[in-house]
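**Q**
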Ligand code: HEM
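Chains as they are written, first to last, in the working numbering: chain B, 813 to 1127; chain E, 750 to 1290.
1. For residue 999 of chain B and chain E, any beta-carbon pair shorter than 8 Å?
2. What residues in its chain sit with their C-beta under 6 Å from that of residue 901 of chain E, if we drop five residues either side in the sequence?
3. In whole angstroms, what is the alpha-carbon distance linking residue 1036 of chain B and residue 971 of chain E?
4. Kindly indicate which three-state DSSP category residue 989 of chain B falls into: helix, strand or coil?
5. Look at residue 1151 of chain E and residue 1117 of chain E and say whether their C-beta atoms are less than 8 Å apart.
6. In the DSSP output, which residue or residues are listed as bridge partners for residue 1252 of chain E?
7. Between the C-alpha atoms of residue 1274 of chain E and residue 869 of chain E, what's the straight-line distance to the nearest angstrom?
8. Nearest-angstrom Cα distance between residue 839 of chain B and residue 848 of chain B?
9. Answer yes or no: does any C-beta atom of chain E fall closer than 8 Å to that of residue 879 of chain B?
10. State the start and end residues of the unbroken beta strand (DSSP E) segment that holds residue 975 of chain E.
11. For residue 1222 of chain E, is the classification buried or exposed, using 16 other Cβ atoms within 10 angstroms of its Cβ as the cut-off for buried?
12. With 8 Å set as the bound, which would you pick, yes or no: does the beta-carbon of residue 826 of chain E sit closer than that to a beta-carbon of chain B?
13. Just the chain E side, please: which residues come within less than 7 Å of residue 1086 of chain B by C-beta, in chain order?
14. Under 8 Å, Cβ to Cβ, is there at least one residue of chain E near residue 1068 of chain B?
15. Could you tell me how far apart the beta carbons of residue 791 of chain E and residue 1068 of chain B are, in whole angstroms, since I believe they sit closer than 8 Å?
16. Which same chain residues, not among the five before or five after residue 1206 of chain E, have their C-beta less than 8 Å away from its C-beta?
17. If we call anything under 8 Å between Cβ atoms a contact, is residue 779 of chain E one with residue 846 of chain E?
18. On the CB-based measure, 16 or more other CB atoms within 10 Å of its CB, does residue 992 of chain B come out buried or exposed?
19. Suppose you measure from the CA of residue 1087 of chain E to the CA of residue 831 of chain E; what does that come to, to the nearest Å?
20. Any Cβ of chain E within less than 8 Å of the Cβ of residue 952 of chain B?
21. In the DSSP assignment, find the unbroken alpha helix (DSSP H) run with residue 1028 of chain B in it and report its ends.
22. For the alpha helix (DSSP H) that residue 806 of chain E lies in, which residues bound it at each end?
23. Compare the C-beta of residue 805 of chain E with all C-beta atoms of chain B and state if any pair is closer than 8 Å.
24. Please confirm whether residue 840 of chain E and residue 770 of chain E have their CB atoms less than 8 Å apart.
25. Taking 7 Å as the cut-off, is the C-beta of residue 985 of chain E nearer than that to any heavy atom in ligand 3?
26. Buried or exposed for residue 795 of chain E, going by 16 or more other Cβ atoms inside 10 Å?
27. With distances taken from CA atoms, which of E/1112, E/1085 and E/1091 is nearest residue 1098 of chain E?
28. Using the Cβ count rule (16 or more neighbours within 10 Å means buried), how would you classify residue 1132 of chain E?
29. Can you give, in chain order, each stretch of the beta strand (DSSP E) that sits fully within the stretch 1170-1212 of chain E and has at least 3 residues?
30. Using the Cα positions of residue 1105 of chain B and residue 975 of chain B, report the straight-line distance between them to the nearest angstrom.
31. Tell whether a beta-carbon distance below 8 Å holds between residue 947 of chain E and residue 977 of chain E.
32. Does the separation of the CB atoms of residue 951 of chain B and residue 1047 of chain B fall below 8 Å?
33. Evaluate the contact criterion for the stretch 961-977 of chain B versus the stretch 1026-1036 of chain B: three or more CB pairs, one atom per stretch, below 8 Å.
34. In the structure shown, what three-state DSSP assignment does residue 1028 of chain E receive?
35. Flag this pair as yes or no: are the beta carbons of residue 952 of chain E and residue 1196 of chain E separated by less than 8 Å?
36. For residue 1026 of chain E versus residue 979 of chain E, is the C-beta spacing smaller than 8 Å?
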């Protein structure tokens, strides 16, 4: 079997494993039976392994680093999103109920890759063969996966905030759950002004046995991922500028891909500010993150598909 | 009748504007506007990047096109309103950075302040230790210093106040100031620099002067218009392709000359390997064919030199399969003449294309030849970029191989009948006793030319430096957190009781893990006992 063939077989295996893991994760979210969670994690790890195998085989087949075109970007993006989820969310933050959404995102990315972007492993133009290009592309994909994961949590946060508001109005007789952040932070010292770091939302769910984790947990996860991704995005854009300076003789030319990476950067900077601005914390800041999510996708896909520019070689 | 607004004194209004600019909300709105303006710039065609698409837009949508043109929407990044938003952001940044920086300097100079009620802090423990209070405080200071806290002992010698995480605000300020520096450096660099393209044929020398650029020289707004006068002599151009026609590498071997024309050094300009010289950056941009063409008539040489050939990518986009096109214009003759030339550098690939119907890339030199067409009439456009034949008529056509001389008027070969010519192409030799030709065309040599991008941007190092500072500041700000810890030792009947309290302003979940470790260190240093640990755990609960 050729490496190219192996790569696409493993890609399909990973896609199916992610689909299975998504179904199992949603089953765990709905029924809270441990075997679902164990199975989802197992299948998820199998999927990631297949995904990594597919990427390596692709690199072997093309004799270069396997992130040279949109198909390859997408495969790596899915891989990193799932990996970030398994290692950070499950491993470090011990949040177990949101996997289905992350797998859904990975499936969406991979499905786009096979349906719109598939190309065989081929050579690259010499302009693309730069050391800086490798670093640039790698960090952009890593940052995209982190920011996108953060945005998935932002969506979940907004969903949860709504349901908490509904539950609180139903469960009026009980004490309202403690609210983290804002002016009612129970353990904050008196002179304390909440910064971007401070999670917003209810620390505990009124009905903790069902549904998503409490909104404060989701908000913290969203912020952590975006905070992790933002400097990497910054770094990636800078490496891109260095590469452009080397190849085209200008570090910045407002080519559509450059423009959109700047827009995305500015929107996430807005998000970080909004989190520290009174009156903007909470759902408004989350709204900005969602605009960032859209911008991320425009940067990642739409620019290549619809807007022409220097970066179109990476179709 | 005074409106409320006019009741403000000038001073008050300025203060109000300044306060508004200083608020984070303003920064938020300005950043949003910047993003929005950029989005518009990427969705509409832009004059600096694709003027032809702007032209097409103006033709297709005259009303909106004119409106957008007036509003600067076809050059968003050069428009006054984009500059305005940037300038406001700039002022806003300065306005908020100055007080923040002052406050930070003050905070750094200030020693950590003592606290009274440690029990009220989010994290708090108390335990008995084996040493007297003064010693315990002394040792606690050492432990905290080792953990990189800034410490201050209480005046009574029974307490320590400690703080950590100046890096957070320092990092944030570094980031914001560096962003400002980046803006300034970019504006100065783009404003005083220039960039354009230079076409140089092998064996020729090009000099950095405004009129030597290929007509697309872009000069910054505040440029003095001065050029360096540095010279670039092209010794050799080399290209390498795969058999599929995919390019692998392009390199121009050049000799660099100072403003007086003295050679300074040799260098190689390659894809991704620009060369810096005399404040200029030189990049490999493009390349093409430049046959040497000699035209003689009436005993004189009318034209002798390389003709820069342009290869137009056809409908299939395969530029390398297209013949090169170039022109020789003879405006001094009466009537005027012009010769249009079509170069086939690789006749083997050319014949293959004809046979198979699939255009083959012509990447090697194999029996090169040119098809020529002689035109007579009036030359309307003296430039060599094209030929306007509206006032001309065709006199003759023919082919000229490398090393041949042809009689252009009669379309026959005078000399140079040797040399391979692919099968299927006819060669008409001039009849033996014919009169001497009035106009001859020779093709002695086929050379290549290189297109280099030549740019001057004096602030690139500053932009890079600012970018590095932005990154360092950002990471420092995001991954550090401010933490405050207090220790108090009290003498009781049972012995000394050490109280430890603290909180974190950011990353509280991390501090939750850090605090017990700090307490363990303090306990180890002061000889805190086991019994007390239980008490402390009860207290934590
Ligand atoms: C008027 C102008 C500005 C003000 C008053 C301001 C203020 C602040 C403050 C107070 C923070 C700390 C937030 C926290 O508690 O975490 C912050 C963070 C940040 N600012 Fe600004 N800023 C301004 C302009 C900008 C601009 C123009 C950018 C870049 C486009 C920017 C990017 C950031 C980023 C990325 C952070 C997050 C870093 C961190 O968490 O420390 N800011 N800003």
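We put the beta carbon where it would ideally sit given N, CA and C, even for glycine.
Being a predicted model, the structure only gives us computed values, none of them experimental.
**A** So, to answer that:
1. On the first chain, residue 999 of chain B is found 187 positions in, with the first residue counted as 1. Because the pLDDT at residue 999 of chain B is just 45, under 50, the model does not fix this residue reliably, and the point stays unresolved.
2. Taking the second chain and counting its residues from 1, the one referred to as residue 901 of chain E is at position 152. Result list for residue 901 of chain E: 860, 861 and 910, in chain order.
3. Position 224 of the first chain, counted from the start, is the residue given in the question as residue 1036 of chain B. Position 222 of the second chain, counted from the start, is the residue given in the question as residue 971 of chain E. Using only the alpha carbons, I get a separation of about 44 Å.
4. For this step, residue 989 of chain B is matched to residue 177 along the first chain. With a pLDDT of only 45 at residue 989 of chain B, under 50, the local geometry of the prediction cannot be trusted, and the value read off the model is given with reservation. Of the three classes helix, strand and coil, the one that applies to residue 989 of chain B here is coil, per DSSP.
5. Counting from one through the second chain, the residue named residue 1151 of chain E turns up at place 402. Counting from one through the second chain, the residue named residue 1117 of chain E turns up at place 368. The answer is yes: Cβ separation under 8 Å.
6. One-based indexing of the second chain puts residue 1252 of chain E at position 503. E/1233.
7. Along the second chain, read from residue 1 onward, the residue named residue 1274 of chain E stands at position 525. Along the second chain, read from residue 1 onward, the residue named residue 869 of chain E stands at position 120. For the pair residue 1274 of chain E and residue 869 of chain E, the Cα-to-Cα distance works out to about 25 Å.
8. On the first chain, residue 839 of chain B is found 27 positions in, with the first residue counted as 1. On the first chain, residue 848 of chain B is found 36 positions in, with the first residue counted as 1. The alpha-carbon atoms of residue 839 of chain B and residue 848 of chain B are separated by roughly 6 Å.
9. On the first chain, residue 879 of chain B is found 67 positions in, with the first residue counted as 1. Not an interface residue.
10. By 1-based counting over the second chain, the position of residue 975 of chain E is 226. Note, residue 975 of chain E: premise wrong, no beta strand (DSSP E); not H, not E.
11. Along the second chain, read from residue 1 onward, the residue named residue 1222 of chain E stands at position 473. Residue 1222 of chain E comes out buried.
12. For this step, residue 826 of chain E is matched to residue 77 along the second chain. Answer yes: the Cβ-Cβ gap between residue 826 of chain E and chain B drops below 8 Å somewhere.
13. Against the first chain, residue 1086 of chain B aligns to sequence position 274. In chain order: 777.
14. Reading the first chain from its first residue, position 256 is the one you call residue 1068 of chain B. It does; some Cβ of chain E falls within 8 Å.
15. Counted from its first residue, the second chain places residue 791 of chain E at position 42. Counted from its first residue, the first chain places residue 1068 of chain B at position 256. Right, their Cβ atoms sit about 4 Å apart.
16. In the second chain, counting from the first residue as 1, residue 1206 of chain E sits at position 457. Once the five neighbours on either side are set aside, the close Cβ partners of residue 1206 of chain E are 938, 939, 942, 944 and 1030.
17. As a working mapping, residue 779 of chain E is identified with position 30 in the second chain. As a working mapping, residue 846 of chain E is identified with position 97 in the second chain. At the C-beta level, residue 779 of chain E and residue 846 of chain E stay beyond 8 Å of one another.
18. For this step, residue 992 of chain B is matched to residue 180 along the first chain. The predicted model places residue 992 of chain B with a pLDDT of 44, which falls under 50 and marks its position as unreliable, so this point remains unresolved.
19. For the purposes of this step, residue 1087 of chain E is taken as residue 338 along the second chain, with counting starting at 1. For the purposes of this step, residue 831 of chain E is taken as residue 82 along the second chain, with counting starting at 1. Between the C-alpha atoms of residue 1087 of chain E and residue 831 of chain E there is a straight-line separation of about 48 Å.
20. Locating residue 952 of chain B in the first chain gives position 140, where the first residue counts as 1. Answer no: the Cβ-Cβ gap between residue 952 of chain B and chain E never drops below 8 Å.
21. As a first step, residue 1028 of chain B must be located in the first chain, where it is residue number 216. Following the DSSP letters along the chain, one finds residue 1028 of chain B inside the alpha helix (DSSP H) bounded by residues 1027-1060.
22. In the second chain, residue 806 of chain E corresponds to position 57, counting from 1. Where residue 806 of chain E is concerned, the enclosing alpha helix (DSSP H) stretches over 800-809.
23. For this step, residue 805 of chain E is matched to residue 56 along the second chain. For residue 805 of chain E, no CB of chain B lies under 8 Å from its own CB, so it is not counted at the interface with that chain.
24. Against the second chain, residue 840 of chain E aligns to sequence position 91. Against the second chain, residue 770 of chain E aligns to sequence position 21. The answer is yes: Cβ separation under 8 Å.
25. Ligand 3 is not part of this structure, which contains only ligand 1.
26. Here residue 795 of chain E is taken as the residue at index 46 of the second chain, counted from 1. Buried is the label assigned to residue 795 of chain E, since at least 16 other Cβ atoms lie within 10 Å of its Cβ.
27. Walking along the second chain from the start, residue 1098 of chain E turns up at place 349. Among E/1112, E/1085 and E/1091, the Cα nearest to that of residue 1098 of chain E belongs to E/1112.
28. The count along the second chain starts at 1 and reaches residue 1132 of chain E at position 383. With fewer than 16 other beta carbons inside 10 angstroms of its own, residue 1132 of chain E counts as exposed.
29. Fully enclosed beta strand (DSSP E) runs of 3 or longer: 1188-1205.
30. Along the first chain, one-based indexing puts residue 1105 of chain B at 293. Along the first chain, one-based indexing puts residue 975 of chain B at 163. Spanning the two alpha carbons is a distance of roughly 22 Å.
31. Taking the second chain and counting its residues from 1, the one referred to as residue 947 of chain E is at position 198. Taking the second chain and counting its residues from 1, the one referred to as residue 977 of chain E is at position 228. With respect to the 8 Å criterion, residue 947 of chain E and residue 977 of chain E are not classified as neighbours on the basis of their beta carbons.
32. Start at 1 with the first residue of the first chain, and residue 951 of chain B comes out as number 139. Start at 1 with the first residue of the first chain, and residue 1047 of chain B comes out as number 235. A contact, by the Cβ cut-off of 8 Å.
33. Taking 8 Å as the limit for Cβ pairs, the verdict is that the stretch 1026-1036 of chain B does touch the stretch 961-977 of chain B.
34. Walking along the second chain from the start, residue 1028 of chain E turns up at place 279. Coil, per DSSP.
35. On the second chain, position 203 is the one that residue 952 of chain E refers to. On the second chain, position 447 is the one that residue 1196 of chain E refers to. Yes; because the gap between Cβ atoms is below 8 Å, this pair is in contact.
36. Residue 1026 of chain E sits at position 277 when you count from the first residue of the second chain. Residue 979 of chain E sits at position 230 when you count from the first residue of the second chain. Less than 8 Å separates the beta-carbon of residue 1026 of chain E from that of residue 979 of chain E.
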